[in-house]
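Chemist:
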Amino acid sequence: MKTLLGASVILSLTLSVGAADFDRGTAPVLEAAKAGAKEGASLKGQELPAAPALWVTLGKADIPKLGALGFPLGPAILSSERAAIYRVDADKLGQLSAFMHETFGRCAGFFAHDTKAEAQADLKDPVARASVAYTLDQSAIVKPLVARVSEGKLKATLDSLAAFNNRYYSAASGVEASRWIASQWTTLSAGLPGASVKLHTHANWKQPSVILTIPGSDLADEIVVLGGHLDSINGWSGETARAPGVDDNASGIAVLTETVRLLGESGLKPRRTIQVMGYAAEEVGLRGSKDIASQYKKAGKKVVGVIQFDMTNFKGSPEEMFMLTDYTDPSLTAFLNQLVDAYVGVRRSTTKCGYACSDHASWNQQGYPAALSFESHFDTMNHNIHTDHDNLANAGGDAKHSVHFAKLGVAFAVELAKSAPSLKLGAGR
Ligand code: BES
Ligand code: ZN
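Position 38 of the sequence shown, counted from 1, bears residue number 42 in this note's numbering, the numbering being contiguous throughout.
1. In three-state terms, what does DSSP make of Leu52?
2. Give me the DSSP bridge partner(s) of Asp93.
3. State yes or no: is the C-beta of Asp93 nearer than 7 Å to some heavy atom of the ligand ZN?
4. So, with DSSP's three-state summary, where would you put Tyr283?
5. State buried or exposed for Gln299, treating a residue as buried only when at least 16 other CB atoms are found within 10 Å of its CB.
6. Is any heavy atom in the ligand BES found nearer than 7 Å to the beta carbon of His233?
7. Flag Glu287 as yes when its Cβ comes closer than 7 Å to any non-hydrogen atom of the ligand ZN, and as no otherwise.
8. Which of helix, strand or coil does DSSP assign to Ile67?
9. In whole angstroms, give me the CA-to-CA distance for Ser177 and Phe168.
10. What I want to know is whether the C-beta of Met327 ends up closer than 7 Å to one or more non-hydrogen atoms of the ligand BES.
11. Mind checking whether the beta-carbon of Asp252 lies closer than 7 Å to any heavy atom of the ligand ZN?
12. Using only CA atoms, which one of Ser174, Asp163, Lys411 lies nearest to Asp345?
13. Based on Cα-Cα distance, which residue from Ser213, Ala181, Asp163, Ala338 lies nearest to Asp363?
14. Pick out whichever of His393, Met325, Ile237, Tyr90 has its Cα sitting closest to the Cα of His381.
15. Label Thr61 either buried or exposed according to how many other C-beta atoms from any shown protein chain fall within 10 Å of its C-beta, with 16 as the threshold for buried.
16. Quick one: what's got a C-beta closer than 8 Å to Thr139's C-beta in the same chain, skipping five residues either side?
17. Please name the residue, chosen from Val259, Glu226, Trp59, that lies closest to Val308 on a Cα-to-Cα basis.
18. Tell me the start and end of each unbroken alpha helix (DSSP H) in the segment 139-188 that is at least 4 residues and wholly inside, in chain order.
19. Mind checking whether Gly400 and Asn317 have CB atoms under 8 Å apart?
20. I need the DSSP call for Ile81, collapsed to helix, strand or coil.
21. Looking at the structure shown, is His233 part of a helix, part of a strand, or coil, going by DSSP?
22. Taking its Cβ as the centre, do 16 or more other Cβ atoms sit within 10 Å of Gly232, making it buried, or is it exposed?
23. Just list the beta strand (DSSP E) runs in the segment 185-229, keeping only unbroken ones of 3 residues or longer that don't cross its boundaries, in chain order.
24. Using only the alpha-carbon positions, how far apart do Asn386 and Ser84 sit?
25. Terminal residues of the continuous beta strand (DSSP E) containing Phe326?
26. Give me the Cα-Cα distance between Glu243 and Lys210, rounded to the nearest whole angstrom.
27. Run the CB neighbour count on Glu43, radius 10 Å, all protein chains shown included, and call it buried at 16 or more, exposed below.
28. Quick check: what's the CA-CA separation for Leu340 versus Asn398?
29. Can you tell me whether Ala88 is helix, strand or coil according to DSSP?
30. Which of the three DSSP states, helix, strand or coil, is assigned to Lys306?
31. State yes or no: is the C-beta of Met296 within less than 8 Å of the C-beta of His204?
32. Using the C-alpha atoms, what's the distance from Pro79 back to Ser406?
33. Whole-angstrom Cβ separation of Val146 and Leu216, contact assumed at under 8 Å?
34. In chain order, what residues of the same chain have a beta carbon less than 6 Å from the beta carbon of Ala424, not counting five sequence neighbours either side?
35. Answer with buried or exposed for Gly413, where buried requires no fewer than 16 other C-beta atoms within 10 angstroms of its C-beta.
36. Lys356 and Leu328 look like a contact to me (Cβ under 8 Å); what is the Cβ gap, rounded to whole Å?
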């Protein structure tokens, strides 16, 4: 977890600052937070530039513990059932992060906002409501498909993605990784009528997200999203540092790629539109998914369910799969449980991050139902992530754990999008 410390501060910051602001002048604030993080971690007593106070939202459960352990927070400015807002100097954020990290043994755990209005918006827990019934009636299609999930193909994708020096959002290799994923998905979906793959560009950084669309038939305006982040990071080290990111999150992209391969071979004609998304810039504050989810909301798009794959290959617990219970939709998560029991057949449990730890939170924030299935309990997570040691050897040495998640991906796509009845078999013909 030490390795995550620095990242979580700046990431929490960028998450709330927003893409446009980031490049227009909040950089000094970020630099100050970064220096503060370093000080909190190891450089006690270092002179720091004066930095403006920010609005920080903290989870209610953490506040009394912080007070009891002596972290000076001052009075809460506003509070809700779930969280409270405090004013914290930007250069104290590093210490806050270090303190929370040492105290609670986890990363991040708070969000920094540069306006009170943003902090207030974060206090409200958006209620994501499922707009469709989640039903299981496609076993004739799903069962033969899940039987064909290939550990070898999953491993090949892990190896290919790890071969990029890193997939950092502002590095040339990060852009090349996006293009490579796009070309894989294009090839694998070639057999599906109307399928197309687009590089979704973002205004404020160069790494594009990748979106594969398999158009639906009679329910085409209802969108089923399967996603995972395609970028990787090595602590503070930036554009040149080695960041293989095998578990975090080549493993999620491998699961999506295997899902695309099987859908492609099935020739599925879905009733709802399926979109498979590789998000850019997750590791620097969920920025790619935040961009996409807010554009979808503005355009009034009807997303009926989002599944997020972030870290699928490290078996850190006795159970194989853990459903995230925070920043997720309970009825979509219940649907995932049903899919696991019907088609994956592994032990499952629940866990939570305690903060908006991945792209599902971007969709949840916009009021769309999102769910995340994770590789282990949060407390026994893979500690090599965000370092140059996030390699296959440190995530089991094979891709067996990801097989379960690829089965879930296929089941999710087919059972939520539903298969259009074949014309040949159609009644009255
Ligand atoms: N894959 C992680 C999230 C994660 C880490 C989930 C450990 C469960 C256990 C993700 O890529 C990440 O690093 N998230 C950041 C926060 C985000 C706002 C950038 C983190 O956890 O610090
Ligand atoms: Zn990460």
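The beta-carbon is built from N, C-alpha and C at its ideal position, and this holds for glycine as well.
The structure displayed is predicted, hence computed values, not measured ones.
Modeler: Considering the structure as presented:
1. Caution applies to Leu52, whose pLDDT of 37 falls short of 50 and renders its modelled position unreliable; the value that the coordinates give is listed next. Correct three-state label for Leu52: coil.
2. Under DSSP, Asp93 shares a beta bridge with Ala57.
3. Asp93: no, Cβ never under 7 Å from the ligand ZN.
4. In the displayed model, Tyr283 falls within a strand according to three-state DSSP.
5. Gln299 counts as exposed, since fewer than 16 other beta carbons sit within 10 angstroms of its beta carbon.
6. His233 Cβ: within cutoff of the ligand BES.
7. Under cutoff, so the answer is yes.
8. DSSP, reduced to helix, strand and coil, places Ile67 within a helical segment of the structure shown.
9. CA-CA distance, Ser177 to Phe168, rounds to 6 Å.
10. Remark: the C-beta of Met327 is outside contact range of the ligand BES, defined as less than 7 Å to any heavy atom.
11. Yes; taking the cut-off as 7 Å, the Cβ of Asp252 has a heavy atom of the ligand ZN nearer than that.
12. For Asp345, the nearest C-alpha among the options comes from Lys411.
13. Comparing Cα-Cα distances from Asp363 to each of Ser213, Ala181, Asp163, Ala338, the minimum goes to Ser213.
14. When only C-alpha atoms are compared, the closest one is Met325.
15. Under this definition Thr61 is a buried residue.
16. For Thr139, where only same-chain residues beyond five positions count, the Cβ hits under 8 Å are Glu419.
17. Out of Val259, Glu226, Trp59, Glu226 has the C-alpha closest to the C-alpha of Val308.
18. Whole alpha helix (DSSP H) segments, 4+ residues: 143-150, 155-166.
19. Cβ distance < 8 Å, so Gly400 and Asn317 count as in contact.
20. Ile81: coil per DSSP, three-state reduction.
21. Strand.
22. With 16 or more other Cβ atoms from the protein chains shown falling within 10 Å of its own Cβ, Gly232 counts as buried.
23. Correct list: 200-204, 213-218.
24. The alpha-carbon separation between Asn386 and Ser84 amounts to approximately 33 Å.
25. The continuous beta strand (DSSP E) containing Phe326 extends over residues 325-328.
26. Using only the alpha carbons, I get a separation of about 12 Å.
27. For Glu43, the predicted structure reports a pLDDT of 33, less than 50, and the residue's modelled location is therefore unreliable. The matter cannot be settled from this model.
28. Each residue's Cα considered, the two are about 27 Å apart.
29. It is a strand residue.
30. Note: Lys306 maps to strand in three-state DSSP.
31. Reading the sequence as shown, one finds Ile at residue 296 and not Met. Taking 8 Å as the Cβ cut-off, Ile296 and His204 qualify as a contacting pair.
32. Straight-line Cα distance between these residues: approximately 46 Å.
33. Wrong, their Cβ atoms sit about 19 Å apart, outside the cutoff.
34. Only Ser221, Lys273, Arg275 meet the Cβ criterion.
35. Burial call: buried.
36. With a Cβ gap of about 6 Å, Lys356 and Leu328 count as contacting.
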